[in-house]
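Trainee:
Residue numbers (my numbering): 5 to 147.
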């Protein structure tokens, strides 16, 4: 007999939404897109393989995100043993928007601000917010 969790794990729309949310969370925590994608794939594979262990005490989404959190911790622990190679060109595009004091440049300053509701619906708002989160110290961005 199929359970609700089995039905959700077969639902393409649910899985697409879940994967998008997981990737966003992992990307913010790990600050490395490739490692974030790997952690998400491992978490989803683990959830599919262990779906009989899902006890329905929490939502399926919460359970899978819990698996992802454990995968992220594994990656962070692995970083202690490895020395990461910095990608010097990664922030080059963003630096063009700001001056040496990290303020908006004259030519890149927003000319008209949106209302808060418009800003929340703006794709560009989320791109800028994500760019700002990446500039936060690692410990602050995880909060």
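Beta carbons are placed, not taken as given, at the ideal position from N, Cα and C, and that holds for glycine.
List the whole-angstrom C-beta distance separating residue 68 from residue 22, where the pair is believed to meet the contact cut-off of C-beta under 8 Å.
Mentor: Contact holds; Cβ gap of about 6 Å.
Trainee: To the nearest angstrom, how far is the alpha carbon of residue 32 from that of residue 62?
Mentor: So the two alpha carbons sit approximately 24 Å from each other.
Trainee: So residue 40 and residue 30 are in contact, right, with Cβ under 8 Å, and what is the actual spacing, rounded?
Mentor: With 8 Å as the limit, residue 40 and residue 30 qualify as a contact, their Cβ atoms being about 4 Å apart.
Trainee: Classify residue 77: buried if its beta carbon has 16 or more other beta carbons within 10 angstroms, exposed otherwise.
Mentor: Label assigned to residue 77: exposed.
Trainee: Compute the Euclidean distance between the alpha carbons of residue 114 and residue 121, then round it to the nearest angstrom.
Mentor: If I take the Cα positions, the gap works out to 17 Å.
Trainee: What number of angstroms, rounded off, separates the C-alpha of residue 48 from the C-alpha of residue 135?
Mentor: So the alpha carbons of these two residues sit roughly 26 Å apart.
Trainee: Is the separation between the beta-carbon of residue 53 and that of residue 71 shorter than 7 Å?
Mentor: Not in contact: residue 53 and residue 71 (Cβ atoms no closer than 7 Å).
Trainee: Determine the contact status of residue 75 and residue 43, defining contact as a CB-CB distance below 7 Å.
Mentor: Result yes, Cβ atoms of residue 75 and residue 43 sit closer than 7 Å.
Trainee: Quick one: grab the DSSP three-state call for residue 102.
Mentor: In this structure, residue 102 counts as strand in the three-state DSSP scheme.
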